[in-house]
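A.B. asks:
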Amino acid sequence: MNHFDAAYHELLEKILNEGQYKDDRTGTGTYSIFGHQMRFDMRNGFPMLTTKKVLFKMLATELVWFIRGDTNIKFLLQYNNNIWNEWAFKKWVESDEYTGPDMTDFGNRALQDDAFKEIYKKEMDKFKSRILEDDAFAEKYGDLGNVYGRQWRAWEGPDGTFTDQLKNVVESIRNNPNSRRHIVTAWNPSEIDSMALPPCHAFFQFYVNDGKLSLQLYQRSADVFLGVPFNIASYALLLHLVARECNLEPADFVHTFGDAHIYSNHLDAVNTQLSRDSYKAPNIRINSDKSMFDIEYEDIEVVDYEFHPHIKAPIAV
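In this note's numbering, the protein residues as written are 578 to 894.
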């Protein structure tokens, strides 16, 4: 098994063997451990898991969205990226303006009731179309609040001034590579209530040594089956982009977890993945001289990605 898949499978098995059952915010229930770390060496390839298909377009367009400082799902929907839809949809169906069918607890009900699932799908399709076609509606209901992109690019301090953390950290790496302050945080305590979802991947730090750049992420909460494969590849891609921006070689991505959990309704999917062997890890290619701040999804590609089929599992909202 390749280095990347092996580290991820080890985490899944550790949670299955040692995780404690806990109730959670979504009402689904999880098996959880606290504290774990994985290390991925970029010299071994790009850490896209091969024991199930990871949708590169989804994670790459999301990362571009973060880097741009965008917080509205309209950009994502233009790429048919639906990974943030449920949080925006929840805001819409809970608003006074919504007059459609009852969407209370739509995520769980769609799993349990096929008739409701069809109603939910129709309402979601109408919502997505309005986001794409109606700018005023998109501005009001497509925005997720002060989530990642806002914190990365326009952190608001108590005096009302804004800090572009991502640009600042790039300049810090270039001009003072030995600093221990190459840090970006998405966790802004004063704005947690203004976010559709408080940051799960909350804090990251760069480290320069011998012309090589490493990145460590602290993830306070990790949906290990659905979210973590995206998080691994997304931050590895960020490492490649920042290293390229600073004329450095990408080295290690270190992924550190607080609460790492498997949802109780993901157990069958996890066991399916654990039954598979891996393929050789792919590589990443950036086909542009643009700055990372101007990069487009179309400028990035994964090369030689061989994978087992995607495994579906419900998202907990």
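The beta-carbon is built from N, C-alpha and C at its ideal position, and this holds for glycine as well.
1) Let me check you understand the geometry: is the CB of residue 659 closer than 8 Å to at least one non-hydrogen atom of the ligand MN?
2) Return the chain-ordered list of same chain residues with a C-beta closer than 7 Å to the C-beta of residue 818, the five sequence neighbours on each side being excluded.
3) Check whether the segment 712-731 touches the segment 663-678, counting contact only when three or more Cβ pairs, one atom from each stretch, lie closer than 8 Å.
4) Please specify which runs of the alpha helix (DSSP H), each continuous and at least 4 residues long, are wholly inside the segment 724-750, giving them in chain order.
5) If we count the other Cβ atoms within 10 Å of its Cβ and call it buried at 16 or more, is residue 608 buried or exposed?
6) Name the DSSP beta bridge partners of residue 710, please?
7) Whose C-alpha, out of 686, 651, 808, 639, is nearest the C-alpha of residue 874?
8) Do the CB positions of residue 797 and residue 836 come within less than 9 Å of each other?
9) Roughly how many angstroms separate the alpha carbons of residue 675 and residue 889, rounded to a whole number?
10) For residue 828, which three-state DSSP category applies?
11) Comparing alpha-carbon positions, which option in 709, 614, 775 lies nearest residue 766?
12) Out of 783, 806, 840, point me to the one whose CA is closest to residue 820's CA.
13) Rounded to a whole number of angstroms, what is the C-alpha to C-alpha distance between residue 680 and residue 697?
14) For residue 595 and residue 610, what's the separation of their Cα atoms in angstroms?
15) With which residues is residue 799 paired in a DSSP beta bridge?
16) If I measure Cβ to Cβ from residue 714 and keep anything under 8 Å in the same chain, skipping five residues before and after, which residues do I get?
17) With DSSP run on the structure shown, which of helix, strand or coil describes residue 662?
18) So residue 700 and residue 684 are in contact, right, with Cβ under 8 Å, and what is the actual spacing, rounded?
19) Please report how far the alpha carbon of residue 876 lies from the alpha carbon of residue 604, in whole angstroms.
20) If I'm right that residue 624 touches residue 813 with Cβ under 8 Å, what's the distance once you round it to whole angstroms?
21) What separation, rounded to the nearest whole angstrom, lies between the Cα atoms of residue 853 and residue 795?
22) Should residue 658 go down as buried or exposed, given a rule of 16 or more other Cβ atoms within 10 Å for buried?
23) Need the endpoints of the alpha helix (DSSP H) that residue 617 sits in, please.
24) Kindly indicate if chain D contains any beta-carbon less than 9 Å away from that of residue 806.
C.D. replies: So, from the data block:
1) Judged by which ligands are present, the structure shown has none, so any question about the ligand MN falls away.
2) Within the same chain, residue 818 has close Cβ partners 869, 872.
3) Yes: at least three Cβ pairs fall under 8 Å.
4) If we require 4 residues or more, the alpha helix (DSSP H) runs fully inside the segment 724-750 come out as 725-730.
5) With 16 or more other Cβ atoms within 10 Å, it is buried.
6) In the DSSP output, where bridge partners are listed per residue, residue 710 has none listed.
7) Checking every option, the nearest Cα to that of residue 874 belongs to 639.
8) Yes, the Cβ-Cβ distance between residue 797 and residue 836 is below 9 Å.
9) In a straight line, the C-alpha of residue 675 is about 30 Å away from that of residue 889.
10) Residue 828: strand per DSSP, three-state reduction.
11) Distances from the alpha-carbon of residue 766 to those of 709, 614, 775 put 775 closest.
12) Residue 820 has its Cα closest to that of 783, out of 783, 806, 840.
13) Near 7 Å, if we compare the C-alpha coordinates of residue 697 and residue 680.
14) Going from the Cα of residue 595 to the Cα of residue 610 covers about 7 Å.
15) Looking at the DSSP assignment, residue 799 forms a beta bridge with 837.
16) When the five nearest sequence neighbours on each side are left out, the beta carbons in the same chain lying within less than 8 Å of the beta carbon of residue 714 are those of 707, 708, in order along the chain.
17) In the structure shown, residue 662 sits in a helix (DSSP, three-state: H, G or I).
18) Not quite, the Cβ-Cβ distance comes to about 13 Å (not below 8 Å), so this is no contact.
19) Looking at the two C-alpha atoms, the distance is approximately 40 Å.
20) About 5 Å separates the Cβ atoms of residue 624 and residue 813, confirming a contact at the 8 Å cut-off.
21) Using only the alpha carbons, I get a separation of about 28 Å.
22) Looking at its Cβ environment, which holds 16 or more other Cβ atoms inside 10 Å, residue 658 is buried.
23) Per DSSP, residue 617 is not a residue of any alpha helix (DSSP H); the beta strand (DSSP E) it occupies stretches across 607-618.
24) Of the protein chains in the structure, only one exists, and it is not chain D.
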